[in-house]
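Visitor: Before anything else, here's the structure in question.
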Amino acid sequence: MTAGLTDAAAVVSGRDPALARRPFALLWWGIGLFAAFVLMGVAVAVNAEAPITQPIDAWWRSTVGAAPDGGAHTWFVPMFFQYLGEAPGALAMIVLIPAGLALVGRWRSALFFLSATLLTVGLFSQAMKNLVDRPRPALDEALGLFGPLFQVDHGSFPSGHAVTAGVLVIAVAALIPRGTARTWWWVAGAVIMLGMMWQRTLINAHWLSDTVFGLAAGVAGGLLMWWAFWPWLQQDRGRPVWFLHFRRARETDAAASVSS
8 MTAGLTDAAA
18 VVSGRDPALA
28 RRPFALLWWG
38 IGLFAAFVLM
48 GVAVAVNAEA
58 PITQPIDAWW
68 RSTVGAAPDG
78 GAHTWFVPMF
88 FQYLGEAPGA
98 LAMIVLIPAG
108 LALVGRWRSA
118 LFFLSATLLT
128 VGLFSQAMKN
138 LVDRPRPALD
148 EALGLFGPLF
158 QVDHGSFPSG
168 HAVTAGVLVI
178 AVAALIPRGT
188 ARTWWWVAGA
198 VIMLGMMWQR
208 TLINAHWLSD
218 TVFGLAAGVA
228 GGLLMWWAFW
238 PWLQQDRGRP
248 VWFLHFRRAR
258 ETDAAASVSS
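As structure tokens, this is what we get:
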């Protein structure tokens, strides 16, 4: 009986021991994917012009890469992925989504989302780009190949757009309770990640391996932050929105006054 009362009091006070039991699968998957990302970064740094994946990268480029005079890269779907990794996507992930979460009283979730985004896009992506500085696909008239069809920054490895897509999928999944909604999000997330790989190579902005390991970096960062913020995310889950909480409190007070 005493143990039951203690557990109940812990839940009420927000110190439920179960909330601190982080699932170690998140941690190990995050570490494993991050290790793969780092190892590939080392391989690129050793030979940035032709890393171990270059034969596959070159074949994929010759198969998927678009020409500047065609419309394959400018219709709605590829432009959606283009903007997702640029200013509109950054605005949503760094400002709008965290602000929306904070507005409804999920400040812990807002901090998680912002931390995951900044860790992966701000640290993993930019640090690796500067360390390895892999050349992007370049114009090769003899083979009928083209360079990037949109303006790009330095360094091809990893794809910052792919990093963004990877962390977005994981960070949103962490906010959705387990069940049908999360299952459907995983399906949508797979489409987002595969679509980003396709778009970044379609416009000749990246090699295929840049996108694969960019996704690995984004997913790794998201999983590691999910594991780190697990207790806080559990506390936010199911918490009533603050203005609904106040309305219920007023209704309860009104009912109490009527009954008295």
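Add 7 to a position in the sequence shown, counting from 1, and you land on the number used in the working numbering. All C-beta atoms, glycine included, are put in the ideal place defined by N, C-alpha and C. Here the structure is a predicted model, which means the values were calculated and not measured.
Measuring CB to CB, does residue 239 end up less than 9 Å from residue 31?
Guide: By one-based count along the sequence shown, residue 239 stands at place 232. By one-based count along the sequence shown, residue 31 stands at place 24. Not in contact: residue 239 and residue 31 (Cβ atoms no closer than 9 Å).
Visitor: For residue 8, count neighbouring C-beta atoms within 10 Å of its own C-beta (all shown protein chains included) and say buried if the count is 16 or more, exposed if not.
Guide: Taking the first residue of the sequence shown as position 1, residue 8 is located at position 1. Model confidence at residue 8 stands at a pLDDT of 39, short of 50, so the residue's coordinates are unreliable; what they give is reported in the following sentence. Exposed.
Visitor: How about the segment 210 to 224 and the segment 160 to 173: do they share at least three Cβ pairs that are nearer than 8 Å?
Guide: The segment 210 to 224 vs the segment 160 to 173: in contact.
Visitor: What are the boundary residues of the alpha helix (DSSP H) that residue 69 is part of?
Guide: Within the sequence shown, the letter at position 62 stands for residue 69. Looking at the DSSP string, the run of the alpha helix (DSSP H) that includes residue 69 is 61 to 71.
Visitor: From the DSSP secondary-structure annotation, give me the bridge partner or partners of residue 147.
Guide: Walking along the sequence shown from the start, residue 147 turns up at place 140. Paired residue(s): 152.
Visitor: Once DSSP output is grouped into helix, strand and coil, what is the label at residue 94?
Guide: Sequence index remark: in the sequence shown, residue 94 carries index 87 (1-based). If DSSP states are grouped into helix, strand and coil, residue 94 belongs with the helices.
Visitor: Quick check: residue 68 and residue 237, are their CB atoms within less than 9 Å of each other?
Guide: Sequence index remark: in the sequence shown, residue 68 carries index 61 (1-based). Sequence index remark: in the sequence shown, residue 237 carries index 230 (1-based). Taking 9 Å as the Cβ cut-off, residue 68 and residue 237 do not qualify as a contacting pair.
Visitor: Just how far apart, CA to CA, sit residue 43 and residue 35?
Guide: Working through the sequence shown from its first residue, we reach residue 43 at position 36. Working through the sequence shown from its first residue, we reach residue 35 at position 28. Computed Cα separation, rounded: 12 Å.
Visitor: Which of the three DSSP states is assigned to residue 83 in this structure?
Guide: Counted from its first residue, the sequence shown places residue 83 at position 76. The answer is helix: DSSP assigns residue 83 an H, G or I state.
Visitor: For a test of the three-state rule: what should DSSP assign to residue 158, helix, strand or coil?
Guide: Along the sequence shown, read from residue 1 onward, the residue named residue 158 stands at position 151. It is coil, neither helix nor strand.
Visitor: By the 10 Å Cβ neighbour count, where 16 or more other Cβ atoms means buried, how is residue 206 classified, buried or exposed?
Guide: Here residue 206 is taken as the residue at index 199 of the sequence shown, counted from 1. Burial call: buried.
Visitor: Under the three-state reduction of DSSP, which class applies to residue 16: helix, strand or coil?
Guide: Here residue 16 corresponds to residue number 9 of the sequence shown, with the count starting at 1. Because residue 16 carries a pLDDT of 38, less than 50, the predicted location of this residue cannot be relied on, and no value is offered for it.
Visitor: Can you check whether the CB of residue 182 is closer than 9 Å to the CB of residue 63?
Guide: Reading the sequence shown from its first residue, position 56 is the one you call residue 63. Reading the sequence shown from its first residue, position 175 is the one you call residue 182. Going by C-beta atoms, residue 63 is not nearer than 9 Å to residue 182.
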